[in-house]
Structure formats: C-alpha cells, structure tokens
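Here's the structure we're looking at; comments come further down.
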C-alpha cells in the first residue's frame, strides 16, 4: 500500500534528521529472504523415541533379571539349608563319638584299663616322682549299671503239681508199697 | 413476504427441546457424580487411610520368624554338655492324609524310626483336631526333609514341616544333674532352667512381600529384625572327671546296695567345681526313663547329718580359738554322760589317752566333745556360720536346700555336744565340701562356683567365678595344724581310712559315719550316712574331694571302708589328669597317743 509506505518513509525521515545516513540506509524496509534450510524433525523424534524405548526395555530387563536372581537365590538358600542340616548331622555324630562313655566302652573292648597310681616323670632330669605301679583293672569302674534281677517269689504251702505228675507219683507210691510188702514178706 | 423468524423458535425444532435445559440437566448430573466421588475421596483419605494401605500390603506380606539359636552349655575345656541342632517338626492335615494314612504311616515309621500305631492315630486325626496334628517333633532337619520329600515323591500329600530346634546332650548322663533337660515348652531342670534367660536369646522377625508362587519379590518392602542368639555358658565341670566320678560312685553304690551317693571335686584355690556327681542320676536325652526324684541335683537338694567329717570344722575352730593344739592330751572315757544322753564312740573302749590328733585319727566322739567344752558360749556357732553351714552356696542351680544349723536362740550345751561330732546339724554335700576346702585353702573359705566368668540367673542373681568371694575363717596356723592331724587318718598305723592312701602322695582326710534320719519317721532308724572328705597333696593341696554314700545296706559299712576307696580312685584320677606332682616332703608325725605304755604313733 503505497500510502502507508510513503507515510513510513516520511516518518523515518523525520526521526533520522539527527542520525547518520548509514542508519537511514539500514532502516529502509526490505523483504526478508526466504530461509533455505529447516532442522529436520524426524531424527529428533527418533532419538527421543529410542531413548524412551531403551529406558522401558532396560527397566523391564533389569526387573526380569532381578526376579530371576530371586528364584536362583531361593534355590541356593534351600541348598544351603540342606547342606547345613547335613553338617549338623555329621557334627552330632562326631560328638557322640567323643562321648567319654563311648570311648571308654571301645577302649575296654580293646582290653585297656584306667591306671591307678599317679606318678610324674621329670623328663630333663630323668627322675620319677610318686610311686608308679603297673595298671590293673581295679581302677576301671563298671561302665554299665547292674540291675539286680528281681527275686522269684516262692509260694508258701504245697508245691504245684501237674495232673500227669500227680498220677506218676501215685503209681510210684503204689509200687513202693507193693515192694515194701514184698520185702516185708520175704524178711519174715 | 415472510418475516424472518429467530432460529430458536422455528416450529421444526420444537421436538429437540431447549439446549439450555439440557445443559442444566447435564451440569446437575455431573455435579452429583463429582460430589459422590468427593465424598468417597474424603472417606478413603480422611477417615482411615492406613487400614486400607495395610490391607493392601497384607495381601502378599509374609512374616518369617528368625529363631534365635539357644546358647550351648560347655565344660571347662569347651566340650559340649548341651547344644542345639536344627530340627523340624512334621505336621499333617488329617483331612488330606486320612485317605492314605496306613501306607504313609508305614513309610514314616521306617524312615523316622517311630511307632506305627501312634503315627496312624496322628495321620487320621483321631483324638485331636481334625485339621492339624503333629506327626513328629524335633526330628533332625536332614532326616525330616528326606522323609517329607520321599513321601511327596510317592504321591502322598498333606505333610508340612516347620522349625523345631532340637536340644542335644552329647554326654548322656554325664553332668545331667547339672545341665538339666528341656521339656516341649521350655526347660525343666538344671542350668537349662536357671539360666534360661541367658541361654534363650531373642527371636528375630523378617517381613517381606511374596508373589503368587511364594517366591520373594526382591524390590518389595521388607524389614528385618535380626535374632539375638543366646550366650554360651562355660561351666567349671571337667567332663572326663565327672564321668569317672559318676561311674566309680555308681559302682560303689551298687556294691554296697546304697540308697544314693554324691561325690564332689573342688579346686582348692579357686573354688571351681570340677565334678559334682550324683547317683542315681538320669540321662539328659531321655529324662522320662528315670524317676522324678533322680532328675534333680542331690548334691544340693539332699540334706543329711554330716557326722564325723564335721569334726574337722569343730577342731580347727578350737585350734584357731587358741584353746587346744594338735598335741593337747585328752583322757577319753568309754562313754560320756551328758544331760539326758550318753555319748558313745563307734567302738567300745575303756579309758584312752589320746592326743587331739588321735581323736581325729580314731574319730572319737567323746574326745571331740571333751575338747569342745573349752569353747566359749556360742563360739562354735559363729565359726560354723563362717564356714558356711546353714547357708546356700548359690552356685546358680535351683532347688538348693540350705541345711539346718541350729540358730543362736536354740543353741545350748546339749546341742553343741551333738553338733561337735556332726549330728543335730544338717548340710548339703556342696556346703560341706566348701567348708572342708577352707581348711585345705589355708583357712580361707572361697565360694564354690559352677560357671566360668559370670552369668545371671532368671531370678536376677549373678553367679560365677567372677563373683566368688573369699573370707578368712581360721588362721593359716590352725589350718596347717588341722591338716597335720588329718594326715593321720589315711595312715594305716593310726587312722580309720587306710584305703585312701595314694602311694607317693601325702593325703589328708576325715571319715564320717553318721546316723541317718529317716524322713518317714523323722528319727534315727539305724541307717547310716558314710562319707570321706579330704584333699591332696596335703601340704600344697590342689583338689578337695568329698564322697557321701547314704544308707549302704550290704556289707560292713563305714566311711573308711565304703566311701574311702571311691575317694581314693577319684583323687588319683584327678591328680593324674592334671599332672599334679607329689610334693616329696615327709608326712607329718603328730603323735596320736600319750602316756606310759602307749605307742605315740599307734592306735589304741
């Protein structure tokens, strides 16, 4: 619109009466040149999407591996518990073998005895204190308790006799009488 | 020409209705909906937000108890007397197992070595809860998991396992009286019971989230409170010496057909108890097999009249009081009439001329009474209190009986006459050992202790070697004089206990043959308590040993004959085990008799 452009130039002329002509030259309005290049949008979008995707997948994988590790951990814990139980069982067995009673029984089975009289051998000097004596079985105590058998109770009165015995005794008496009678007869 | 009609009022649009109304109705509906939401929001967040949060968490929260390991009870060398092992209990749901009970019972009976009938009952749930029953308790963990795995492999369902720690007693009956045992719910006797607070520890707790299959969610919320394991208790007991003492004592009890017996070995200087044997006793891993009376500690709970062993205390007090010396000459009649009683000696004799040493060597009651007449009023009572009679030793076991020392109010001359030779006063075995040990320790009584270091009992008492106090009862001179007299007892020429000699060593001791009170009639029924207390090597004692045998019924019974050999064996074993060398000094030669015609180093 020429009228407005002319008005603008007139107003600029008025404003720049005190400025230098170079500025005036610069102030002349011209058309802005068209830009030849714009930043490509696609790579940026692709980068952001890739970062997002990587983050999500990474998190998922991390989570999955942790869960996996949890399963492995529980399996190994069970294994550790089993091994600990076995170790305890073996330790128990070992302690049983260390029981003084068990050792004494095995030693006795070998014919060993506990010695009696203490004596001390002073090795550098080669002297003996005390009165050593050959070990005998006297100082070895009984390893097991003796439980006395309960005494049999004998009923007072006639001893029990079974029917067949009774018959046998009767027959014997009968023969005895006959024999006695016979011998008496012969004696007279 | 038609006039223009405003669009709102065209006739064709009458059926669509007014938009204003529609808007208003819409707004009202939305407002109602939003207020419902608002109210619900206030209800959820404002009134009780935690309950819902908790309910959500509890959906998959799993609480696991982390059991504390019970402390071990060890002997002085670290050998275990009681220790814990991981155990499991096997429980069953009878609703599931009832169908296959017989086959399952057979499998478990063979695998776990249990009774088939009981297992059958538990698996069918007879006589118990229909949904839960204990199949086996305290099974070693390895065995239990094997059994349950095998059952599941064979297709049996309904068995579960749970933690059930086992207490093991590797030494069986050795020191069982001291250690005690556990019942199903807690300890029932011994150190297991009195030191339960120290041994038990505190269970911990772990809470974490589990997924649907029971596996733990690693990133879920979890809290752990770690368990505090119980403290181990180190006793002063020597396991081997305790074993030997128990076996020798048992053999002697059986041979003499005795009611019971006790044997105690104490370290002279430190007061540590190396062995405290009772007979009969029980097996800690099977306490039910023994009668209840045998499951305690007789050495502390059984009181008896000590008899002549008490003369050691009477006469050392007399010497300390300056009234006599070992060479004091006494004229001892055959019987002594005092108030309403006649006092006799164990053997009948005429008038004898014994020195004080002879009174000890021959164990003359009359001689002791005559010498003790020189006490001031109440002096003996004071000495006996200082020796520890009538007071608990407080070693940390429950059920100790303090014995009876007649009080000052009850003390009169008649009582004193009898207390002089150990009747009318009752003691427990450990009390008497500590009292005789005072003489062995140069006149200083040291508290006996059962625990190395210190431990606090459930009743708040602190016990142990750290807490042992000592006090002087008689002077060193009096103790040495007493030792010299006691050396005459094992001497075959002068004393009543030749069986207690240990070749090469100086030993000092005293026999005791006391009348025993029958608890049924509370009278002397003719039964005896025979004992022997002594220490070796006499001039530098290392151990004090005290052996008591109650009511030996067969054979000729006496302190020297019945208890003496037991003492000698235990002392020899102890001296040899600890490598105590003989002192290689000449034994004392205190005369036992005086006057013309008497061999001063002989017996009447």
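Residue numbers (our numbering), protein chains in the order written: chain A, 12 to 199; chain B, 1248 to 1851. All C-beta atoms in this analysis are idealised placements derived from N, C-alpha and C, irrespective of residue type, glycine included.
Leaving out five residues before and five after residue i in sequence, what residues of the same chain have Cβ atoms less than 7 Å from its Cβ?
i, result
"residue 1334 (chain B)", "1385, 1386, 1387, 1388, 1411, 1412 and 1413"
"residue 1495 (chain B)", "1813, 1816 and 1817"
"residue 1689 (chain B)", "1723 and 1726"
"residue 97 (chain A)", "none"
"residue 1372 (chain B)", "1341, 1345 and 1380"
"residue 1645 (chain B)", "1440 and 1441"
Can you give me the C-alpha to C-alpha distance between residue i and residue j, rounded to a whole angstrom?
i, j, result
"residue 1593 (chain B)", "residue 113 (chain A)", "43 Å"
"residue 1566 (chain B)", "residue 1748 (chain B)", "26 Å"
"residue 1601 (chain B)", "residue 1581 (chain B)", "12 Å"
"residue 1551 (chain B)", "residue 1761 (chain B)", "9 Å"
"residue 21 (chain A)", "residue 45 (chain A)", "28 Å"
"residue 1692 (chain B)", "residue 1497 (chain B)", "30 Å"
"residue 1482 (chain B)", "residue 1323 (chain B)", "6 Å"
"residue 1802 (chain B)", "residue 1313 (chain B)", "59 Å"
"residue 1342 (chain B)", "residue 1765 (chain B)", "57 Å"
"residue 1510 (chain B)", "residue 1350 (chain B)", "52 Å"
"residue 193 (chain A)", "residue 182 (chain A)", "Per-residue confidence for residue 193 (chain A) stands at a pLDDT of 49, beneath the threshold of 50, marking its modelled position as unreliable; the derived number appears in the next sentence. Whole-angstrom Cα-Cα distance: 16 Å."
"residue 155 (chain A)", "residue 1457 (chain B)", "55 Å"
"residue 1522 (chain B)", "residue 1785 (chain B)", "20 Å"
"residue 1362 (chain B)", "residue 104 (chain A)", "23 Å"
"residue 1532 (chain B)", "residue 1729 (chain B)", "44 Å"
"residue 1612 (chain B)", "residue 1668 (chain B)", "6 Å"
"residue 1407 (chain B)", "residue 1290 (chain B)", "43 Å"
"residue 1821 (chain B)", "residue 1791 (chain B)", "10 Å"
"residue 1525 (chain B)", "residue 100 (chain A)", "31 Å"
"residue 31 (chain A)", "residue 42 (chain A)", "23 Å"
"residue 1694 (chain B)", "residue 1752 (chain B)", "27 Å"
"residue 195 (chain A)", "residue 1504 (chain B)", "Confidence in residue 195 (chain A) is poor, its pLDDT being 43 and thus under 50, which makes the residue's placement unreliable; the coordinate value appears in the next sentence. Distance between the alpha carbons of residue 195 (chain A) and residue 1504 (chain B) is about 58 Å."
Below 8 Å CB to CB, which residues in the same chain sit around residue i once its five sequence neighbours on both sides are set aside?
i, result
"residue 1479 (chain B)", "1318, 1319, 1320 and 1321"
"residue 1771 (chain B)", "1762, 1763, 1764 and 1765"
My guess is that residue i and residue j are in contact by the Cβ rule of under 8 Å, so how many angstroms apart are they, rounded?
i, j, result
"residue 1736 (chain B)", "residue 1607 (chain B)", "7 Å"
"residue 1354 (chain B)", "residue 1398 (chain B)", "6 Å"
"residue 1767 (chain B)", "residue 1683 (chain B)", "Rounded, the Cβ-Cβ distance is 30 Å, inconsistent with contact."
"residue 1561 (chain B)", "residue 1619 (chain B)", "6 Å"
"residue 1627 (chain B)", "residue 1663 (chain B)", "6 Å"
"residue 1640 (chain B)", "residue 1701 (chain B)", "Actually they do not touch by this definition, with Cβ atoms about 16 Å apart."
"residue 1369 (chain B)", "residue 1339 (chain B)", "7 Å"
"residue 1675 (chain B)", "residue 1547 (chain B)", "5 Å"
"residue 1423 (chain B)", "residue 1529 (chain B)", "6 Å"
"residue 1734 (chain B)", "residue 1834 (chain B)", "6 Å"
"residue 107 (chain A)", "residue 1417 (chain B)", "6 Å"
"residue 77 (chain A)", "residue 1465 (chain B)", "5 Å"
"residue 1444 (chain B)", "residue 1703 (chain B)", "7 Å"
"residue 1636 (chain B)", "residue 1686 (chain B)", "About 14 Å separates the two Cβ atoms, so there is no contact after all."
"residue 129 (chain A)", "residue 1823 (chain B)", "4 Å"
Just to confirm my understanding: we take residue i, look at its own chain, exclude 5 residues before and 5 after, and list those with CB closer than 6 Å. What are they?
i, result
"residue 1472 (chain B)", "1451 and 1452"
"residue 1570 (chain B)", "1621"
"residue 124 (chain A)", "146, 148 and 151"
"residue 115 (chain A)", "154"
"residue 1265 (chain B)", "none"
"residue 1330 (chain B)", "1319 and 1415"
Is it the case that the CB of residue i approaches a heavy atom of the ligand ZN more closely than 7 Å?
i, result
"residue 1778 (chain B)", "Here there are no bound small molecules, and the ligand ZN is not part of this structure."
Spell out the partners DSSP gives residue i in its beta bridges.
i, result
"residue 139 (chain A)", "A:132"
"residue 1840 (chain B)", "B:1601"
"residue 1718 (chain B)", "B:1692"
"residue 1675 (chain B)", "B:1550"
"residue 1510 (chain B)", "B:1524 and B:1794"
"residue 1469 (chain B)", "B:1455"
"residue 1475 (chain B)", "B:1449"
"residue 1381 (chain B)", "B:1338"
"residue 1709 (chain B)", "B:1703"
"residue 1698 (chain B)", "B:1482"
Using a Cβ-Cβ distance cut-off of 8 Å, determine whether residue i contacts chain D.
i, result
"residue 157 (chain A)", "Absence of chain D from the displayed structure is noted, the protein chains being A and B."
- Task: Ignoring anything shorter than 4 residues or poking outside the region 1328 to 1366 of chain B, list the alpha helix (DSSP H) runs there in chain order.
- Result: Runs found: 1341 to 1344 and 1348 to 1359.
- Complete alpha helix (DSSP H) runs within the region 1283 to 1333 of chain B (minimum length 4 residues, chain order): Counting only unbroken stretches of 4 or more residues, the alpha helix (DSSP H) elements lying wholly within the region 1283 to 1333 of chain B are 1296 to 1306, in sequence order.
- Message: To test your reading of the DSSP string, which unbroken alpha helix (DSSP H) runs of 4 or more residues are found completely within the region 1754 to 1803 of chain B?
- Response: None, since the region 1754 to 1803 of chain B contains no complete alpha helix (DSSP H) of that length.
- Message: Could you tell me which whole alpha helix (DSSP H) segments of length 4 or greater appear in the region 1521 to 1595 of chain B?
- Response: As summarised for the region 1521 to 1595 of chain B, the continuous alpha helix (DSSP H) elements at least 4 residues long and confined to that stretch are 1545 to 1548 and 1558 to 1567, given in chain order.
- What beta strand (DSSP E) runs, 3 residues minimum, are completely inside the region 1402 to 1436 of chain B? Segments of the beta strand (DSSP E) lying fully in the region 1402 to 1436 of chain B: 1406 to 1410 and 1413 to 1415.
- Message: Give the list of continuous beta strand (DSSP E) stretches no shorter than 3 residues that lie fully inside the region 1591 to 1664 of chain B.
- Response: With a minimum length of 3 residues, the continuous beta strand (DSSP E) runs that stay inside the region 1591 to 1664 of chain B are 1599 to 1602.
- Message: Runs of 3 residues minimum, wholly inside the region 82 to 135 of chain A: which ones carry the beta strand (DSSP E) assignment?
- Response: Fully enclosed beta strand (DSSP E) runs of 3 or longer: 130 to 133.
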